[in-house]
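Going line by line, the protein sequences match chains A and B. Counting from 1, one number per residue, gives the positions in the first sequence under UniProt numbering. Counting from 1, one number per residue, gives the positions in the second sequence under UniProt numbering. For glycine and all other residues, C-beta sits at the position ideal for the given N, C-alpha and C. Values in this document were obtained by computation on a predicted structure and should not be read as measured data. What follows is a single structure, written as structure tokens, with notes after it.
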Amino acid sequence: MSETNYLDGNAAAGSLSELFAVDLTAAIAQCNGCGHTAVFAEAHVFVDAPGMVARCPGCDSVLLRIVTTPNDTYLDLRGLTYLRVPNS
Amino acid sequence: MGIVSPGFTGRRRSGTELPPGQYLTREFPVLSAGPTPHVLPEHWEFTVTSETGEKYKWDWAALMALPAEEITKDIHCVTRWSKLETTWKGVSLDTLLADVETGADYAMAHSYGGYTTNVPMDDLLDGQSWIAYEYDGEPLDPEHGGPARLLVPHLYFWKSAKWVRGLVLSDTEDLGFWETAGYHEYGDPWKEQRYAGD
């Protein structure tokens, strides 16, 4: 049982656009935990937290974390096997 | 949401100062980095693993059989809210760790759901930390960490791991979930140790 205390992957669009030139919410993401492969916009994003946490919609593993401090932004991508972005 | 910001809904106790950069709230905001685990007490287990690998386990009945304390403490979240005189019931870590053979300096708290946070042993002992299972006279809600959470109120509240299921003791300091992503390894609110390097 779990209630929906998360948003979809589009909630990460603003933070990701500060770091990347392409729209990563449209990228295909593979979870390093279970192999679930889907467009990043389908990720579950938790924002009521000290940082932003995106989790796999398949297994709830952490895909990505973003923490913004006064001086730096920390980006943790360990939970992703890859992000597949179409060549423009 | 009212027109008055949460920072002005409370009144400071006379003579009480908040840590720097904090505002007072009467609410109890729910912060969570993942889905809320729903662990039934009959399935709950708490394991302390010493630095030699020895394991000490308590189930819910064993926890309930230990002497409990009523705790009234101010709590301070790194997202800048503070809540005064929160009341809890729980078992002191002094009690739980009394028979654990260890000389470890550090502990990593592990939670159901995968959350971790690191706390020095010195901050878990001497009446500073508890495994809390009641809040405000009621069983602890899952959204606030029930059936039981770590309570380390003198540090920022991310150290008070919700849904706690164990401590792993170590001679070396490893970093937990938020501490590996830019938050301070210790987190003293009175020194405003929010981020790494503060």
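_Are the CB atoms of W60 (chain B) and A132 (chain B) within a distance shorter than 8 Å?_
Locating residue 132 (chain B) in the second sequence gives position 132, counting from the first residue. Locating residue 60 (chain B) in the second sequence gives position 60, counting from the first residue. No, these two residues do not count as a Cβ contact at 8 Å.
*Bridge partner(s) assigned by DSSP for E134 (chain B)*: Looking up residue 134 (chain B) in the second sequence gives position 134. E134 (chain B) is bridged to B:K89, B:P139.
*Would you say L19 (chain A) reaches chain B, if we count a Cβ-Cβ gap shorter than 8 Å as a contact?*
Position 19 of the first sequence, counting from 1, holds the residue named residue 19 (chain A). For L19 (chain A), the answer is no, since every Cβ of chain B falls outside 8 Å of its Cβ.
*Is DSSP giving T36 (chain B) helix, strand or coil here?*
Taking the first residue of the second sequence as 1, we reach residue 36 (chain B) at position 36. Correct three-state label for T36 (chain B): coil.
*asked:* Rounded to whole angstroms, what is the Cα-Cα separation between V67 (chain A) and G34 (chain B)?
replied: Taking the first sequence and counting its residues from 1, one reaches residue 67 (chain A) at position 67. Taking the second sequence and counting its residues from 1, one reaches residue 34 (chain B) at position 34. C-alpha separation (whole angstroms): 15 Å.
*Specify whether the segment 67-80 of chain A and the segment 48-57 of chain A touch according to this definition: at least 3 beta carbon pairs, one from each stretch, less than 8 Å apart.*
yes
*Whose Cβ in chain B lies nearer than 8 Å to the Cβ of F46 (chain A)?*
Numbered from 1 along the first sequence, position 46 holds the residue referred to as residue 46 (chain A). Result: S32, A33, G34.
*According to DSSP, which residues form a beta bridge with H184 (chain B)?*
Taking the first residue of the second sequence as position 1, residue 184 (chain B) is located at position 184. Beta-bridge pairing links H184 (chain B) to no other residue.
*In the segment 58-84 of chain A, which residue ranges form an unbroken beta strand (DSSP E) of at least 3 residues, counting only runs that do not cross its ends?*
62-68, 73-76, 80-84
*In whole angstroms, what separates the C-alpha of G2 (chain B) from that of L24 (chain B)?*
Within the second sequence, numbered from 1, the residue matching residue 2 (chain B) stands at position 2. Within the second sequence, numbered from 1, the residue matching residue 24 (chain B) stands at position 24. Confidence is the limiting factor: at G2 (chain B) the pLDDT is only 42, short of 50, which leaves the residue's position unreliable and the question unanswerable from this model.
*What residue does the alpha helix (DSSP H) around D123 (chain B) start on, and which one ends it?*
Counting from 1 along the second sequence, the entry for residue 123 (chain B) is found at position 123. Its alpha helix (DSSP H) spans residues 121-124.
*asked:* Please confirm whether N10 (chain A) has its beta-carbon closer than 8 Å to some beta-carbon of chain B.
replied: Against the first sequence, residue 10 (chain A) aligns to sequence position 10. No, its Cβ sits nowhere closer than 8 Å to a Cβ of chain B.
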